[in-house]
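Those protein sequences? They're chains A and B, same order as listed. Sequential numbering from 1 applies to the first sequence in the working numbering. Sequential numbering from 1 applies to the second sequence in the working numbering. Here the structure comes first, spelled out in structure tokens, and everything after it is commentary.
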Amino acid sequence: MDEAVKNVLDWNWGAMAPELVILGAATLMTILDLLLPAGRDRRPLAWLGLAGILVAAFLVWRNVQAEPTHILYDMYRVDDFANAFKLVFLAGAAFALLLAVADVGPGGEASSGEKAIRDRGEYFYLLLTGLLGAMMLASAADLIVLFVGLEVLALSSYILVALRRQYLPAVEGAFKYVVNGGIASAITLYGMSFLYGLTGSTNLLAVGEGLRDAYVSGNAYLVYVAFFFLVVGVAFKIAAAPFHMWAPDVYQGAPTPVTAFLAVVSKAAGFALLLRLLLTAFLGLANPLDGSPLLFSELNVYVGAVAAASMIIGNTVALRQTNVKRMMAYSSIAHAGYLLVPFASLTTMVFSQMMFYLVAYLFMTMGAFAVIQLVARDRGSEDLRAFAGLFRRSPLLALAMTLFLLSLAGLPLTAGFIGKFYLFLSAVGREMYALAAIMVLTSVVSFVYYFAVIRQMFLRTGEEGDPGVRVPPTVGTVIALSAAATVLLGLLPDPALDLLAHTFNFSEMFLPLAE
Amino acid sequence: MTVTLASYLLVAAFLFCIGLYGALTKRNAVVVLLCIELMLNAVNLNLVAFSKYGPQPGIAGQVFSLFNITVAAAEAAVGVAILIALYRRRSTVNVDEMDTLKR
Chain A
1 MDEAVKNVLD WNWGAMAPEL VILGAATLMT ILDLLLPAGR DRRPLAWLGL AGILVAAFLV
61 WRNVQAEPTH ILYDMYRVDD FANAFKLVFL AGAAFALLLA VADVGPGGEA SSGEKAIRDR
121 GEYFYLLLTG LLGAMMLASA ADLIVLFVGL EVLALSSYIL VALRRQYLPA VEGAFKYVVN
181 GGIASAITLY GMSFLYGLTG STNLLAVGEG LRDAYVSGNA YLVYVAFFFL VVGVAFKIAA
241 APFHMWAPDV YQGAPTPVTA FLAVVSKAAG FALLLRLLLT AFLGLANPLD GSPLLFSELN
301 VYVGAVAAAS MIIGNTVALR QTNVKRMMAY SSIAHAGYLL VPFASLTTMV FSQMMFYLVA
361 YLFMTMGAFA VIQLVARDRG SEDLRAFAGL FRRSPLLALA MTLFLLSLAG LPLTAGFIGK
421 FYLFLSAVGR EMYALAAIMV LTSVVSFVYY FAVIRQMFLR TGEEGDPGVR VPPTVGTVIA
481 LSAAATVLLG LLPDPALDLL AHTFNFSEMF LPLAE
Chain B
1 MTVTLASYLL VAAFLFCIGL YGALTKRNAV VVLLCIELML NAVNLNLVAF SKYGPQPGIA
61 GQVFSLFNIT VAAAEAAVGV AILIALYRRR STVNVDEMDT LKR
């Protein structure tokens with residue numbers, strides 16, 4: 001046991017540097033928040049958090065293409081799969097932080113106009129602790145770390161949703177989130193307990209190997225039980241149908257920056273969990289009769305069913321919504337369905353396809369929520385009619401929103417189109433024509449509700465002589481960056497695809513670690 | 001008399017089902033939170049049983065269950081705090097009345 005007494009300082013803590021920076025920034029923000037007198041402007045804390053995110057992003061970027069490393073007895077591994085996801089989380093959290101600064105800006109009125117968020121310090125550092133949980137999740141190589149990361153993200157999100165505690169829809173949404181999230185964690189954990197029981201280990205790679213033996217030695221049905229519970233638990237997290245019921249209420253009740261954080265970072269974390277857990281644990285399973293891999297031939301059908309249900313339910317129910325944030329919630333349910341398509345078809349390209357769409361989704365969703373936040377605050381309403389005549393009032397804002405909506409709908413020349421096109425090709429390539437057809441048809445349906453917003457902006461007239469919507473610089477930055485990225489990824493996707501194909505070595509995820 | 005692994009798993013499965021049923025059907029929000037705890041404790045029972053009588057016994061399952069207990073406590077604290085905030089607004093803990101967001 002001489003390894004056990006190895007000096008703690010001898011470990012390669014540098015591998016965890018990005019997480020430690022985020023943890024340090026969040027801790028510092030918490031302490032400063034306690035020291036600052038009540039009623040004092042807490043916005044400088046957000047800049048501290050943003051600085052932490054930038055430093056962490058630089059450190060993550062430095063780890064890209066390095067040899068995969070592991071610390072804490074293989075519980076935590078840094079590979080390009082984790083790095084890619086961490087960059088998405090960091091970008092999403094940075095944008096959410098910028099939106100949050102404007103949300104508590106002059107006047108202190110929170111986005112829906114009901115009640116101000118007085119406890120503004122928490123607003124900023126809970127975004128960082130949520131980010132920390134997501135980053136831990138991406139790097140986890142052990143069931144326990146995976147679970148703890150998931151819960152750090154979830155607990156931060158619950159509190160963020162409930163921040164406006166005088167505002168009934170916020171607390172009601174938050175309570176529904178806690179109950180649904182709690183049930184989802186319990187279901188995921190129940191599945192994990194069988195993974196542990198069958199293999200005797202909590203390390204994901206060891207679980208993968210042990211599961212292969214368990215499957216052929218007569219415990220096949222328990223393997224199925226574990227897979228079923230894990231898929232249900234993950235489907236809750238990514239808000240995929242039929243486990244999406246919490247999403248509309250939570251998205252509507254939460255402050256808009258938090259909604260954007262949930263739609264992007266929390267959802268991306270769910271996909272990191274899905275890939276890390278299901279691929280490493282179940283990839284080795286093979287049908288004992290013909291040796292075909294189980295995940296490719298049998299289990300992926302269930303994931304495909306969840307994807308199809310999400311696309312259909314998300315896109316059709318969105319048609320009936322009049323609240324923009326609620327509509328975006330159903331749109332994000334539909335996007336969870338699109339994002340599950342590469343996992344159902346499971347080609348060797350699954351990482352780059354999913355990652356490209358996640359990046360495109362990050363920018364178009366963040367941009368759309370930024371505009372929604374401004375318009376909702378300007379009009380004091382989240383109703384679709386708040387967008388009436390926006391083109392006349394603020395032409396640039398209306399054009400940016402149109403771009404994001406077209407990208408979300410997947411029209412050509414936008415990032416959303418390229419991403420969706422690759423997902424479509426992956427489904428057709430594996431001859432999953434039903435899934436591909438559902439994807440195309442539901443995308444066409446989605447045009448209806450996205451165009452409803454565009455119609456409001458361009459064809460309806462608002463009240464005469466309205467002043468334009470004031471755009472704070474932080475939100476302006478988010479909109480400009482998102483719009484630029486959406487157009488660039490749509491017109492010139494090749495550099496980004498090259499980056500995903502060559503710079504990030506995703507298959508590192510399965511490499512057993514050298515001592 | 002020896003108690004086999006299967007009986008532990010069966011008890012855990014019962015607990016889990018009771019918890020899930022309660023969480024989905026009970027009208028009192030406090031009972032809903034309690035039922036979620038029941039589900040999490042079913043998981044702990046599973047983990048500890050596997051770590052003692054499983055095909056590959058080991059300490060990891062017990063460590064996992066300790067983490068579960070800690071996180072479950074944090075989750076319960078957040079859940080109850082949000083429930084109190086909700087109670088202050090609505091003066092009710094009845095889940096059926098939490099319907100202001102439906103349309």
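Using N, Cα and C, we set each Cβ at its ideal position, and we do this for glycine too.
> Checking contacts by CB at 8 angstroms: is Gln62/B closer than that to chain A?
Replying inline: no
>> Are the CB atoms of Ala400/A and Gly367/A within a distance shorter than 8 angstroms?
In response: The answer is yes: Cβ separation under 8 angstroms.
> Mind pulling the chain A residues with CB within less than 8 angstroms of Thr100/B?
Replying inline: Those within 8 angstroms of Thr100/B in chain A are Leu168, Pro169, Glu172.
>> Taking the alpha carbon of Ala93/A as the reference point, which residue from Pro37/A, Phe147/A, Ala66/A, Ala26/A has its own alpha carbon closest?
In response: Ranking the options by Cα distance to Ala93/A, first place goes to Ala26/A.
> Hey, out of Leu384/A, Thr347/A, Leu205/A, Asn63/A, whose CA is closest to Gly427/A's CA?
Replying inline: Note on residue identity: the sequence assigns Ala, not Gly, to residue 427/A. Minimum Cα distance to Ala427/A is reached at Thr347/A.
>> Rounded to the nearest angstrom, what separates Leu59/A and Pro18/A at their Cα positions?
In response: 6 angstroms
>> Distance check for Thr259/A and Ala496/A, CA to CA, integer angstroms please.
In response: 27 angstroms
> Would you say Leu15/B faces chain A, with C-beta separation under 8 angstroms as the test?
Replying inline: Taking 8 angstroms as the CB threshold, Leu15/B stays off the interface with chain A.
> Hey, quick one: how far does the alpha helix (DSSP H) through Tyr357/A stretch, first residue to last?
Replying inline: 350-379
> Ordered along the chain, which non-local residues of its own chain (more than five positions away) have a Cβ less than 6 angstroms from that of Val458/A?
Replying inline: Note on residue identity: the sequence assigns Phe, not Val, to residue 458/A. Answer for Phe458/A: Phe391, listed in chain order.
> Can you find a C-beta in chain B that's less than 8 angstroms from the C-beta of Gly233/A?
Replying inline: no
> Who are the Cβ neighbours of Leu45/B in its own chain at under 7 angstroms, not counting the five residues just before and after it?
Replying inline: Taking Leu45/B as the centre and dropping the five residues before and after it, the same chain places the C-beta of Tyr8, Val11, Ala12, Leu15 closer than 7 angstroms to its C-beta, in chain order.
> Just checking my contact of Glu151/A with Val78/B at CB under 8 angstroms: how many whole Å lie between their CB atoms?
Replying inline: With a Cβ gap of about 10 angstroms, Glu151/A and Val78/B do not count as contacting.
> Under the rule that 16 or more other beta-carbon atoms within 10 Å means buried, what is Gln65/A, buried or exposed?
Replying inline: exposed
> Roughly how many angstroms lie between the CA atoms of Ile562/A and Leu23/A, to the nearest whole one?
Replying inline: It is not possible to answer for residue 562/A, since the shown part of chain A is limited to 1 through 515.
>> Between Gly79/B and chain A, is any beta-carbon pair separated by less than 8 angstroms?
In response: So yes, Gly79/B belongs to the interface.
> Nearest to Tyr73/A by alpha carbon, out of Ala206/A, Phe147/A, Ala154/A?
Replying inline: Ala206/A
> With distances taken between CB atoms, is the gap from Leu529/A to Gly121/A smaller than 8 angstroms?
Replying inline: Residue 529/A lies beyond the stretch modelled for chain A, which goes from 1 to 515, so this question has no answer here.
> For Ala74/B, which residues in chain A fall below 8 angstroms Cβ to Cβ?
Replying inline: Glu151, Leu155
> What do you reckon, are the CB atoms on Ile418/A and Leu489/A nearer than 8 angstroms?
Replying inline: Yes.
> If we count the other Cβ atoms within 10 Å of its Cβ and call it buried at 16 or more, is Asn94/B buried or exposed?
Replying inline: exposed
> Run through DSSP, which three-state label would Asn94/B get?
Replying inline: strand
> What are the partner residues of Val223/A, as DSSP defines its beta bridges?
Replying inline: According to DSSP, Val223/A bridges with nothing at all.
> When DSSP builds the beta bridges, which residues end up paired with Asn323/A?
Replying inline: Asp383/A
>> For Leu34/B, would you say it is in contact with chain A, using Cβ-to-Cβ distances shorter than 8 angstroms as the test?
In response: no
>> I'd like to know whether the C-beta atoms of Ala415/A and Ser310/A end up nearer to each other than 8 angstroms.
In response: no
>> In whole angstroms, give me the CA-to-CA distance for Arg460/A and Phe404/A.
In response: Each residue's Cα considered, the two are about 19 angstroms apart.
>> Considering only the alpha carbon of each residue, which of Pro68/A, Ile53/A, Gly304/A, Phe95/A lies closest to Lys139/A?
In response: Inspection of the sequence shows that residue 139/A is occupied by Ser rather than by Lys. For Ser139/A, the nearest C-alpha among the options comes from Pro68/A.
> Cβ atoms of Leu48/A and Phe89/A: under 8 angstroms apart, would you say?
Replying inline: no
> According to DSSP, which residues form a beta bridge with Tyr330/A?
Replying inline: None; Tyr330/A has no bridge partner.
> Phe95/A to Tyr158/A, Cα distance in whole Å?
Replying inline: Rounded to whole angstroms, Phe95/A to Tyr158/A spans 19 angstroms at the Cα level.
>> If you reduce the DSSP assignment to three classes, tell me which class Arg77/A lands in.
In response: strand
> DSSP puts Ile71/A in a beta bridge; with which residues?
Replying inline: Tyr76/A
> Counting pairs of beta carbons, one from the segment 334-352 of chain A and one from the segment 468-482 of chain A, are three or more of them closer than 8 angstroms?
Replying inline: no
> Which one of Arg40/A, Thr486/A, Phe175/A has the shortest CA to CA distance from Met364/A?
Replying inline: Thr486/A
> Taking DSSP as the reference, what is the three-state secondary structure of Asn28/B?
Replying inline: Look at Asn28/B here: in three-state DSSP terms it is strand.
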